[in-house]
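Okay, so here's the structure we're looking at.
Residue numbers (full-length UniProt numbering): 1 to 752.
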C-alpha cells in the first residue's frame with residue numbers, strides 16, 4: 001500500500017468519507033484511456049453513469065408531485081365535448097368495426113385501433129354507435145351514453161401521462177440533473193398541442209408514448225452494465241416499443257431509422273473499445289440486431305395476424321380489397337360470380353391498380369356539365385354496366401343467348417342506373433386537363449342510323465393484357481376475375497385510365513377522375529370484371545375459381561393498398577399545412593366548436609419557437625466545435641462531461657427531430673400540424689438538454705433561466721387552455737390571442 005493511501009486511511013472516518021465522496025463526484029462520466037497504439041473511449045458505463053437513474057427520497061416526492069400535476073391537466077373534464085371531435089369519426093368508427101368483426105380498410109397499421117376496440121368491448125359496448133358525423137352527440141337528452149367515449153378517451157390521456165414520465169427518465173439517462181429533468185418533463189406535460197391530442201380518440205398520443213418508450217429504454221440501456229439482466233430487459237423493451245410504434249402508424253418506421261442511426265454510432269465506439277473482447281463485441285451486435293430488427297418485425301406481423309383474425313366477416317362495402325382477399329372473409333358471396341362474360345352481361349369492373357370500381361352517377365363536371373365518370377371504392381348500383389355490341393342490329397338476342405366477348409371485340413357499355421352510355425368527348429378532363437387527355441362521361445345514345453358518326457364516341461375495343469391475365473383461355477376470351485384488359489376508344493384513339501387524381505369535392509364528387517389518354521402507363525389503364533350476371537345463364541353455370549390469399553398474400557396486398565391510398569390523399573383541406581409551417585407554429589386545426597366554445601389544435605408558441613431555436617443553437621455549436629477542436633478531443637479530458645452529454649444526447653435528439661419531419665417534405669399527401677408531434681417531442685428533449693448545459697456552466701444563471709422559462713410557458717399554456725378544453729371564452733380574448741394572422745381560430749363562435 002502506498003504512503004498516500006495509508007495517510008488517507010489513517011484519517012478520521014467522517015473526513016475520509018468526505019474525501020471519498022469528493023473524489024467520486026470529480027471523477028468523469030466518460031472514461032478515455034490510452035492503449036498501446038491509440039486512445040479509446042470506454043464504452044461500458046462506469047458506476048457514476050449507472051447511478052444516473054437513482055433517485056433520493058426527496059427527488060421521488062418531487063417527481064410524484066409532477067406526476068400528480070400531469071394527472072390533473074391530462075384527465076381534466078374528458079367528458080367534454082360530449083360529441084364526436086375531428087378524427088374520432090374515423091378511429092371511434094374503426095373500434096366499432098372491430099367489435100362487430102367487419103373488415104374495413106385504413107391507411108394506418110392496426111394496433112391502436114384494436115386497443116380502442118378492446119377497451120370498448122370490455123365496457124360492454126356493442127359497436128352500434130357510428131361516430132359520424134363530427135358533432136354527433138355521445139349522450140342522449142335522457143342522459144343515456146351511446147358509446148363509452150370517456151373510457152376510450154382515458155386511454156390516450158394515460159398514454160400522454162406516461163409520456164411525461166418517460167421524458168423525465170430519458171433526460172436523467174442523458175445526464176440531466178434532477179431539476180432539469182423535471183423541467184423537461186414539465187414542458188412535455190403542459191405543451192398545449194400534446195395535451196389536446198391526448199384528450200381524444202386519436203392515434204397520436206399512443207403513438208407518441210410508444211416512441212417515447214423506445215427512446216427511454218434505449219437511453220436506459222446506455223447507463224446499465226452490459227449483459228446484466230436489467231440491460232437485456234431494456235434492450236428487449238426497446239425493440240417491443242419500436243414494434244408498437246410501427247404497428248400504430250408508419251411514423252414508427254422513422255423511429256426505426258432513428259434507432260438504427262444512434263445504434264450505429266454506439267457500435268462505432270464499442271468496436272473501438274480495446275477493453276472488450278471480440279466475443280463481447282459480437283454479443284453486443286447480435287443482441288441489438290435481434291432486439292431492434294427481429295422483435296419489431298415479429299411484433300408487427302403478429303399485429304396484422306390478429307387484425308385479420310378479428311376482422312373475419314365481409315363488410316357491406318368491401319372497398320379496396322381484391323376478390324382473392326375477399327375470398328378469405330366469411331359471407332363474401334364470391335362463390336356466385338359467373339365466370340363466362342357475354343354480350344348482355346351486367347358487370348362491375350375494377351381498376352387493376354386502384355382497386356376501385358368504374359362508376360358514374362348523377363353529378364356533373366363543372367366546366368362541361370357532362371355526367372361524371374369516376375372510380376369508386378365501394379359496391380354500389382352505379383357501378384353496373386351492360387356489355388352491348390357496337391352494332392345495333394346485333395342487339396336483339398343478347399339477353400336470350402350467350403355469346404363470349406373476345407379480345408378485340410367492339411362494345412358499348414350501358415350504364416344501367418342513368419340509362420346512358422360510357423363515352424369519350426373531345427373536351428379536356430376536369431382536373432387532368434392536358435392536351436393529350438380526353439374527358440370520359442356517360443351520355444344518351446342516339447339509336448337513329450343517321451347518328452352513327454356521333455355514336456362512335458361510345459365504341460370501345462376490348463384489348464386483353466395477356467401479361468396480367470391468367471394463362472389459358474382467359475388470355476383470349478373475357479372471363480371474370482382472371483382476364484385483365486384495356487378499354488380502347490377507336491374514335492378518340494385513347495385508352496380509359498385513372499391515376500390518383502381526384503375530382504374536387506367543392507364542385508364534384510371528390511372521387512378518382514377517369515380520363516382517356518393516348519399513351520398511358522399500361523397498369524393505370526387496366527380493368528377486370530368482378531361481378532357478372534346474365535339472364536340466360538343457367539344456375540349451374542361455371543363460377544370463377546377465386547383462390548383465397550394466404551396470410552402473407554393478405555399482408556402484402558394490404559400494404560400495397562395502404563401505400564397507394566396514403567399517397568393519394570392529396571386533396572387540399574381547409575386546415576392542412578406543410579412541414580415548413582410547423583416548427584414556428586404557422587397555423588393550427590379547428591377540431592370542434594359550438595357557441596362560445598372551440599377546440600382548436602394549437603401548440604404553445606413559446607415552446608414551439610424556443611425548441612426550434614434550440615435545434616439551431618445545437619447545429620451552430622456543433623459546427624463551431626468541429627472547426628475549433630480536434631476529433632480526438634471528443635470524450636478526452638479536454639472536453640467536459642457537460643459538453644459530452646450535450647454532444648451525445650443533443651445529436652440523438654436532433655436526429656430524432658430531423659428524421660421524423662424530413663419525410664414529410666417529400667410527401668404530397670394531406671398533412672396537418674399533429675404530424676409534427678413526434679419531432680416536437682425530440683425538440684423539447686433537446687431544449688431541456690440545452691438548459692442542462694447552461695446550468696452546468698453557471699448554476700445561478702441556469703436555474704434562474706429555467707424557472708423563468710417554466711413560468712412563462714405555464715402562463716401561455718394557461719392562457720390558451722380554453723382552446724384545449726373547449727371552455728367558455730370571449731370574442732375579445734380570442735381575437736387578442738391571435739398573435740399570428742394565420743391562426744384561423746373561429747372567434748365568431750364566441751358571442752360575448
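Idealized CB from N, CA, C, for every residue including glycine.
First and last residue of the beta strand (DSSP E) that includes residue i?
i, result
"residue 462", "460 to 464"
"residue 592", "589 to 594"
"residue 374", "371 to 376"
"residue 474", "No beta strand (DSSP E) contains residue 474, which DSSP labels as neither H nor E."
"residue 349", "346 to 351"
"residue 39", "39 to 41"
"residue 385", "384 to 389"
"residue 438", "437 to 443"
"residue 33", "32 to 34"
"residue 410", "410 to 415"
"residue 501", "494 to 502"
"residue 186", "Per DSSP, residue 186 belongs to no beta strand (DSSP E); it is in the alpha helix (DSSP H), 178 to 190."
"residue 599", "597 to 601"
"residue 424", "420 to 424"
Under the assumption that residue i contacts residue j (Cβ atoms under 8 Å), give the Cβ distance between them as a whole number of angstroms.
i, j, result
"residue 53", "residue 172", "6 Å"
"residue 367", "residue 430", "6 Å"
"residue 83", "residue 136", "6 Å"
"residue 532", "residue 341", "6 Å"
"residue 485", "residue 465", "6 Å"
"residue 509", "residue 361", "7 Å"
Taking the beta carbon of residue i as the centre, do at least 16 other beta carbons fall within 10 Å, making it buried, or is it exposed?
i, result
"residue 690", "buried"
"residue 148", "buried"
"residue 132", "exposed"
"residue 72", "exposed"
"residue 326", "buried"
"residue 394", "exposed"
"residue 169", "buried"
"residue 628", "exposed"
"residue 26", "Note that residue 26 scores a pLDDT of 44, beneath 50, so its modelled location is shaky; the value from the coordinates is reported in the next line. The residue in question, residue 26, is exposed, as its Cβ has fewer than 16 Cβ neighbours within 10 Å."
"residue 755", "Because the chain spans 1 through 752 in this model, residue 755 falls outside it and cannot be assessed."
"residue 9", "For residue 9, the predicted model reports a pLDDT of 44, less than 50, meaning its position is unreliable; a value from the coordinates is still stated below. By the 10 Å Cβ count, residue 9 comes out exposed."
"residue 502", "buried"
"residue 450", "Residue placement at residue 450 is flagged as unreliable, the pLDDT there being 49, under the threshold of 50; the coordinate-derived value follows with that caveat. Exposed: under 16 other Cβ atoms inside 10 Å."
"residue 193", "buried"
"residue 268", "exposed"
"residue 140", "exposed"
Between the options, which has its C-alpha nearest residue i's C-alpha?
i, options, result
"residue 622", "642, 609, 601, 651", "651"
"residue 163", "127, 180, 120, 207", "207"
"residue 514", "531, 506, 487, 534", "487"
"residue 102", "194, 307, 654", "307"
"residue 646", "175, 576, 425", "175"
"residue 161", "220, 107, 67", "67"
"residue 739", "411, 227, 585, 660", "585"
"residue 618", "593, 728, 693, 675", "693"
"residue 220", "51, 549, 479", "51"
"residue 312", "214, 551, 336, 33", "551"
"residue 378", "233, 399, 356", "356"
"residue 688", "184, 491, 78", "184"
"residue 412", "460, 403, 398", "460"
"residue 418", "382, 554, 402", "382"
Alpha helix (DSSP H) containing residue i: first to last residue?
i, result
"residue 356", "Residue 356 -> no alpha helix (DSSP H), and no H or E assigned at all."
"residue 145", "Neither: residue 145 is in no alpha helix (DSSP H) and is coded neither H nor E."
"residue 303", "295 to 310"
"residue 366", "Note, residue 366: premise wrong, no alpha helix (DSSP H); not H, not E."
"residue 621", "605 to 628"
"residue 243", "229 to 246"
"residue 292", "It is not in any alpha helix (DSSP H) - residue 292 carries neither H nor E in the DSSP assignment."
"residue 50", "47 to 50"
"residue 394", "Residue 394 -> no alpha helix (DSSP H), and no H or E assigned at all."
"residue 646", "641 to 666"
"residue 485", "Here residue 485 belongs to no alpha helix (DSSP H); instead the beta strand (DSSP E) covers 485 to 489."
"residue 582", "Per DSSP, residue 582 belongs to no alpha helix (DSSP H) and is neither H nor E."
Tell me, please, whether the CB atom of residue i is closer than 7 Å to any CB atom in chain B?
i, result
"residue 206", "No chain B is part of this structure, which consists of one protein chain only."
Any heavy atom of the ligand FAD closer than 6 Å to the CB of residue i?
i, result
"residue 128", "Because no ligand of any kind appears in the structure shown, any question about the ligand FAD cannot be addressed here."
Which runs of the alpha helix (DSSP H) fall wholly inside the segment 93 to 166 and span at least 4 residues, in chain order?
Counting whole runs of 4 or more residues, the segment 93 to 166 contains the alpha helix (DSSP H) stretches 111 to 122.
Run through the segment 511 to 570 for me and flag every whole alpha helix (DSSP H) of 4 or more residues, listed as ranges in chain order.
551 to 567
Extract the residue ranges of the alpha helix (DSSP H) inside the segment 681 to 743, only unbroken runs of 4 or more that lie entirely within it.
699 to 719, 721 to 725, 731 to 736
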